[in-house]
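Worksheet: one structure, shown below.
Protein chains: 2
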Amino acid sequence: MARDERRSPGEELDIDRAVNAPRIAIEHIEPQVCGGRFAAKALVERPITVTAVIFADGHDKLSAQLKWRPVDGAHWHSAPLLHLGNDHWQGKFVCEEPARVEFVVEAWMDTYLSFCDELGKKFSAGIDVEVEIMEGEALLRQVARDETDANTEILQQFAAAVARDSPSKNKVELLLSKEVVDAMRRAESRPHYIRSNSLYLEVERRAAEFASWYELFPRSTGADATRHGTFADVVKSLPRIREMGFDVLYFPPIHPIGVTHRKGPNNALCAGEGNPGSPYAIGGDEGGHDAIHPQLGTLKDFLALVTEARRQGLEVALDFAIQCSPDHPWVKDQPDWFRWRPDGTIRYAENPPKKYEDIVNVDFYAAGSIPDLWLALRDLVLLWVERGVKMFRVDNPHTKPLPFWEWLIEDVRRRHPEVIFLAEAFTRPAMMARLGKLGFSQSYSYFTWRNTKDELQHYLSELNQRPWRDCYRPNFFVNTPDINPYFLQKSGRAGFLIRAALAAMGSGLWGMYSGFEICEAAALPGKEEYLDSEKYQLKARNYAFDGNICAEIASLNRIRRANPALQTHLGLQIYNVWNDNILLFGKRTEDLSNFILVAVSLDPRHAQEAYFELPLWEFGLPDDAAMGGEDLMNGHSWTWFGKIQWMRIEPWRLPFGIWRLTRPKREV
Amino acid sequence: MARDERRSPGEELDIDRAVNAPRIAIEHIEPQVCGGRFAAKALVERPITVTAVIFADGHDKLSAQLKWRPVDGAHWHSAPLLHLGNDHWQGKFVCEEPARVEFVVEAWMDTYLSFCDELGKKFSAGIDVEVEIMEGEALLRQVARDETDANTEILQQFAAAVARDSPSKNKVELLLSKEVVDAMRRAESRPHYIRSNSLYLEVERRAAEFASWYELFPRSTGADATRHGTFADVVKSLPRIREMGFDVLYFPPIHPIGVTHRKGPNNALCAGEGNPGSPYAIGGDEGGHDAIHPQLGTLKDFLALVTEARRQGLEVALDFAIQCSPDHPWVKDQPDWFRWRPDGTIRYAENPPKKYEDIVNVDFYAAGSIPDLWLALRDLVLLWVERGVKMFRVDNPHTKPLPFWEWLIEDVRRRHPEVIFLAEAFTRPAMMARLGKLGFSQSYSYFTWRNTKDELQHYLSELNQRPWRDCYRPNFFVNTPDINPYFLQKSGRAGFLIRAALAAMGSGLWGMYSGFEICEAAALPGKEEYLDSEKYQLKARNYAFDGNICAEIASLNRIRRANPALQTHLGLQIYNVWNDNILLFGKRTEDLSNFILVAVSLDPRHAQEAYFELPLWEFGLPDDAAMGGEDLMNGHSWTWFGKIQWMRIEPWRLPFGIWRLTRPKREV
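Residue numbers (our numbering), protein chains in the order written: chain A, 5 to 672; chain B, 5 to 672.
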């Protein structure tokens with residue numbers, strides 16, 4: 005019954021198909037990703053807005069609705085689509101549970117609505133409507149004839165009433181009455197009914213879009229750099245991390261580390277005695293991806309850490325790095341998962357220009373890998389999920405096959421819809437977007453290299469627009485073990501505050517790698533890498549370091565939790581400030597009940613001042629209106645009067661301002 | 005064998021499908037209209053550019069190509085796709101004949117290209133490549149093993165040569181040699197081959213995008229307004245029209261006109277004695293859409309006119325108006341093609357707020373209409389095609405069903421690919437675009453109501469962008485019998501020149517309704533309609549009227565014919581001119597061999613002057629470069645020096661300038 009629009013223009017449209025082809029056009033349904041090939045991103049509890057362009061020939065009125073259900077659900081829910089004008093329609097619905105959701109748009113010609121519209125207008129204009137009344141009666145009878153249920157009788161009674169001798173006025177009133185209109189609606193007579201193709205949403209739990217990530221190397225939580233830290237040491241660090249307001253605690257790989265070609269400090273080709281090696285060289289005599297590095301503790305210790313972290317409000321995220329040290333058990337046990345070179349070796353990993361001599365990669369398309377390797381990798385994820393890990397940061401997903409990710413994520417999420425995958429890909433835009441389309445809940449981003457006002461404005465805006473907004477959630481990491489940003493190497497403490505504010509306010513997802521909070525920035529000369537990187541050696545830090553920014557980080561995370569507008573990268577709008585060193589943007593909830601204005605000076609050294617536009621128009625207010633402001637970093641409140649305002653930012657105090665805007669109560 | 009990307013995210017991706025799913029991604033293929041649901045517009049002889057985003061995991065090199073064929077053709081043509089960088093690929097091809105064309109994008113991993121790239125780099129860097137050489141030999145043997153043809157032997161010989169004892173340098177040179185690379189390419193080993201969905205192009209003859217239309221009422225070509233003009237009179241008008249440079253001559257309906265409810269002068273509800281009625285009230289005792297109004301002449305006269313027009317370089321276009329006067333033979337002969345009201349009448353036509361009491365409409369979905377009415381209408385078009393008419397202006401297509409047009413146009417064009425349909429729809433944007441998607445070659449546009457610089461800039465630019473550029477060709481009519489633009493009612497002669505220049509330069513298609521060339525503008529007071537409209541009465545004009553703009557129109561059409569850049573609405577770019585009364589735009593062919601700069605003052609009364617930017621950068625020239633200019637309206641030539649230039653436009657002389665830019669010959 006449902007006719008949809010699918011048809012390839014290469015097929016001949018014969019007359020039989022033509023007369024049965026849909027009369028109504030449905031176009032531009034949003035959200036959709038690649039024409040419906042992928043699911044668009046959505047969240048539980050947040051209204052999902054669907055828009056479409058719907059029209060037909062002639063002047064008849066159309067009606068339309070939205071229908072949706074979880075893909076494994078039998079029952080369809082429906083929501084009305086409202087005509088916004090100019091053929092644009094909009095509807096909304098909310099999902100309570102994480103699931104893959106299917107939705108369609110339906111439309112039909114609303115004959116009776118068209119009739120009522122015309123009848124009402126003509127009657128009001130004093131035009132004779134005798135014939136129209138007869139047409140109305142015929143419409144009622146027609147629909148009653150097609151109906152079989154209890155409604156039939158009601159419609160026939162109305163038709164009979166219209167037919168009876170009485171003044172036109174009474175008949176018109178009856179035909180336009182709510183009772184008749186409702187009965188006609190119940191009859192669901194839907195001439196020229198059309199239904200769109202199914203489109204899909206991946207509805208995830210809120211942490212997919214709102215979370216503050218903190219990364220640390222568990223082995224560096226020992227009292228000093230001579231002692232290998234343990235999961236028990238990590239437990240001791242939890243209060244410090246939680247006080248800063250983070251809610252995700254992410255560890256680089258915690259598995260045994262190989263010894264063959266083990267890297268030494270600062271990526272030295274040969275490790276010295278006692279060097280721990282890179283945790284990314286996964287696997288050794290003690291086991292592979294399913295095992296735990298013995299010096300970190302036992303599985304029991306890990307489970308205890310996960311439990312205690314959760315008790316304190318922190319969720320543990322693990323690294324999923326599909327690579328092996330040459331000592332990984334798979335190299336011996338599953339040799340046909342690797343591609344061997346003619347000289348009997350396996351090629352080591354490269355991510356040009358970087359070389360990883362201590363790592364070999366599996367070959368996803370080797371004859372022996374299909375499907376065993378794929379299944380083994382999926383089972384590894386499931387194993388850690390069973391151990392209580394529901395978040396995975398995936399290392400370099402763009403160097404593994406796209407269909408592998410699509411399958412793995414779908415498979416895992418069908419069993420555990422709460423699992424979240426973060427893509428650690430730094431590559432070209434098409435691949436960045438594609439990973440999101442395939443199912444990664446969130447992704448590393450270009451944020452780390454967006455420093456100027458122009459760069460930031462462009463990037464923050466782009467992420468709010470289609471196609472990005474439907475397929476990609478950016479996790480703004482201010483640093484990572486691999487990225488010691490040039491800006492921070494020279495910026496001093498104010499620079500760290502600048503980047504923290506940009507990340508924490510710019511996106512619902514932000515991340516920090518330990519050391520940032522004490523403004524660590526010593527670099528390999530000329531490189532964007534840390535000196536004495538923890539990737540290759542143990543490290544001990546004094547987090548009570550004078551000049552740390554822990555309190556400011558705690559404030560940022562506190563403000564994020566208190567303000568829904570800050571719990572997503574969406575709803576961001578750039579505003580005018582007449583100074584190229586100051587970025588000004590707003591974040592708002594759709595209903596404007598929460599509106600935050602963020603001003604960040606990008607200059608860590610000098611005071612900057614400027615006039616700026618207070619976005620009164622967003623509230624429908626005139627340029628001379630009053631607006632309440634509250635500084636969320638220090639609690640001060642005030643009232644602004646008028647659109648043009650002035651600010652001064654002194655980076656040695658605080659290089660940014662975060663202001664909540666509130667419509668002042670109307671004075672009576 | 006061909007794997008494409010189609011998959012709905014609602015389907016489960018099991019492991020077998022996953023390992024066989026395409027490894028390579030192809031996205032954003034352009035042109036495509038509504039995800040391939042409709043054919044994109046293209047022209048014979050003009051290169052068709054196809055772009056796509058193509059990428060895969062990892063660092064292997066990809067190769068890609070474009071394949072295309074007429075939908076009824078067996079043989080595929082192919083063209084290479086070149087990598088422009090950042091995963092963007094581009095290819096071009098040309099069609100010689102009008103046809104519906106199918107195309108696909110194919111990609112695969114180019115293993116040997118990746119190998120050569122790495123081998124060359126390593127060898128140049130002095131790295132030992134013994135293992136790489138062995139890998140190269142293995143690659144040759146591998147491909148030879150999969151091959152069965154003559155190429156096999158060649159590849160085996162190369163492999164053997166690589167295996168022989170000789171210096172590495174020789175082996176590397178052999179592996180990288182053109183002979184080996186070509187043999188490998190011939191072998192067409194294409195791991196991870198993927199092919200896109202088919203997409204479609206409607207390739208039409210050039211007049212679909214480049215033509216100058218002239219509209220007249222044949223009955224008004226008599227010597228005076230008392231004598232009904234004839235086709236023989238039209239023949240006498242041909243030289244005058246052709247001298248102005250038009251190439252399409254379009255007539256409103258030429259069929260018999262009904263007498264019931266015939267309209268009188270100025271849309272009077274009742275015609276007086278001898279009033280000819282509206283030609284849109286089609287059909288009477290003398291026949292319907294297949295007949296010719298007896299006062300215009302016979303079919304023989306019409307055929308003679310078509311032939312003589314063609315001899316003089318004018319193609320005749322007819323109106324296809326699907327509506328009937330109450331006296332149309334169908335009303336009696338095919339009563340079940342109409343919807344009868346309860347009082348035994350047929351509702352007259354409305355196009356709110358306009359009422360057409362002298363017209364009734366067929367009902368496309370009446371039980372009796374399916375499919376007879378649809379076939380009858382198609383046959384009418386075919387009848388007139390057989391009578392030599394290859395262009396149809398379709399009246400109000402947006403009030404007839406969309407599938408009807410899609411079917412009719414496809415059916416007619418499959419038999420006669422040269423037939424052109426012009427959609428006369430003035431309605432909301434989605435419908436305007438949809439009619440183009442369904443197959444209308446060209447369309448009336450909003451041009452008539454775009455008057456200010458801002459409006460014109462926006463509209464001209466929008467038509468150059470997707471989705472419009474792929475589905476919609478605008479025919480810029482400066483006036484029509486239904487539209488006497490407010491601007492022209494008050495502008496005087498200069499205003500007519502302004503609108504003619506904007507239309508003729510802005511689009512490859514422009515149109516004029518007779519009277520425009522003598523600046524006719526008398527209006528029904530307060531309305532955008534002509535006083536004493538020809539729609540309801542005979543009219544006689546003195547085309548030799550002093551102050552006519554025939555010479556300027558002739559120049560515009562001459563310039564259009566001489567400059568390929570002006571033969572399309574595409575390739576238009578707005579440029580800076582610091583005066584809100586002057587619009588400045590450029591039109592260029594893709595190769596820049598033809599570059600026209602058009603400046604139009606929008607002020608018909610006062611002189612306007614301004615500095616403007618000469619677009620030297622488009623030619624890759626610095627801001628201080630020299631550029632040749634030629635005024636195409638008067639033949640003057642000069643050289644500009646530098647980017648910032650000045651202009652002055654005096655509307656009483658000529659309110660616009662048309663300059664051809666030519667790169668000055670380099671001095672030796």
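C-beta: ideal position from N, C-alpha, C; glycine also.
Counting of Cβ neighbours within 10 angstroms places Glu556(A) among the buried residues, the total reaching 16 or more. Looking from the CA of Leu528(A), the closest CA among Arg223(A), Ile553(A), Gly512(A) and Pro489(A) belongs to Pro489(A). For the 8 Å CB-CB criterion, Lys267(A) and Tyr540(A) form a contact. Around Leu205(B), the same chain offers Ala43, Ala44, Ala46 and Val105 as residues with beta carbons nearer than 6 Å, after the five sequence neighbours per side are excluded. Met188(A) has a beta carbon lying at 8 Å or more from every beta carbon in chain B. Residues of chain A whose Cβ lies closer than 8 Å to the Cβ of Phe408(B) are, in chain order, Ala22. Of the candidates Tyr218(B), Ala103(B), His332(B) and Gly278(B), His332(B) places its Cα closest to the Cα of Pro260(B).
With 16 or more other Cβ atoms inside 10 Å of its own Cβ, Ser447(B) counts as buried. Straight-line spacing of the CA atoms in Leu570(B) and Trp93(B) works out to 28 Å. For His92(A), DSSP records a beta bridge to Val57(A) and Gly89(A). Annotation for Arg11(A): Leu17 and Ala25 place their beta carbon closer than 8 Å to its own, counting only its chain and skipping 5 residues before and after. About 4 Å separates the Cβ atoms of Leu85(B) and Gly95(B), confirming a contact at the 8 Å cut-off.
Pro407(B) carries a helical assignment under DSSP once its states are collapsed to helix, strand and coil. Pro668(B) counts as exposed, since fewer than 16 other beta carbons sit within 10 angstroms of its beta carbon.
Judged by their CB atoms, Gly443(A) and Ile424(A) are not nearer to each other than the 8 Å cut-off.
Assigned with DSSP and collapsed to three states, Ser193(B) falls in coil, not helix or strand. In the structure shown, Asp331(A) adopts coil according to DSSP, grouped into three states. From the beta-carbon of His402(B), the residues of chain A found nearer than 7 Å are Asp61. Rounded to the nearest whole angstrom, the CA to CA distance from Asp64(B) to Met113(B) is 7 Å. The bridge partners DSSP lists for Ala215(A) are Leu513(A). Under the 8 Å criterion on CB atoms, Arg345(A) is classed as interfacial with respect to chain B. Ile563(A) is the residue among Leu70(A), Glu532(A), Ile563(A) and Thr593(A) whose C-alpha sits nearest the C-alpha of Ser216(A). For Ala129(B), not one C-beta of chain A is nearer than 8 Å to its own C-beta. Under the criterion of beta carbons closer than 8 Å, Arg477(A) and Glu219(A) do not qualify as touching, at roughly 18 Å. Remark: fewer than three beta-carbon pairs, one from each stretch, lie closer than 8 Å, so the segment 154–161 of chain A and the segment 121–129 of chain A are not flagged as touching.
As summarised for the segment 248–322 of chain B, the continuous alpha helix (DSSP H) elements at least 4 residues long and confined to that stretch are 303–315, given in chain order.
At a cut-off of 8 Å, the C-beta of Val57(A) has a neighbouring C-beta in chain B. At a C-beta separation below 7 Å, Gly77(A) has no neighbours in chain B, since its nearest C-beta there lies roughly 11 Å away.
When Cβ pairs closer than 8 Å are counted between the two stretches, the segment 176–195 of chain A is seen to touch the segment 133–142 of chain A, the count reaching three or more. For Tyr534(B), there are no neighbours in chain A by C-beta distance under 9 Å, as the nearest C-beta there is about 25 Å away. In the DSSP assignment, Ser605(B) falls within the unbroken beta strand (DSSP E) covering Phe599 to Ser605. A Cβ of chain A is located within less than 8 Å of the beta carbon of Met138(B).
Counting only the Cα atoms, Trp453(A) lies some 45 Å from Ser449(B). By the Cβ test, the segment 342–350 of chain A is not in contact with the segment 269–285 of chain A, since fewer than three Cβ pairs between them sit closer than 8 Å. Contact check between the segment 280–287 of chain B and the segment 380–390 of chain B: fewer than three CB pairs, one atom from each, fall below 8 Å, which does not count as touching. Selection Ala68(B), Glu459(B), Ser445(B) and Glu277(B) evaluated against Glu31(B) yields Ala68(B) as nearest (Cα-Cα).
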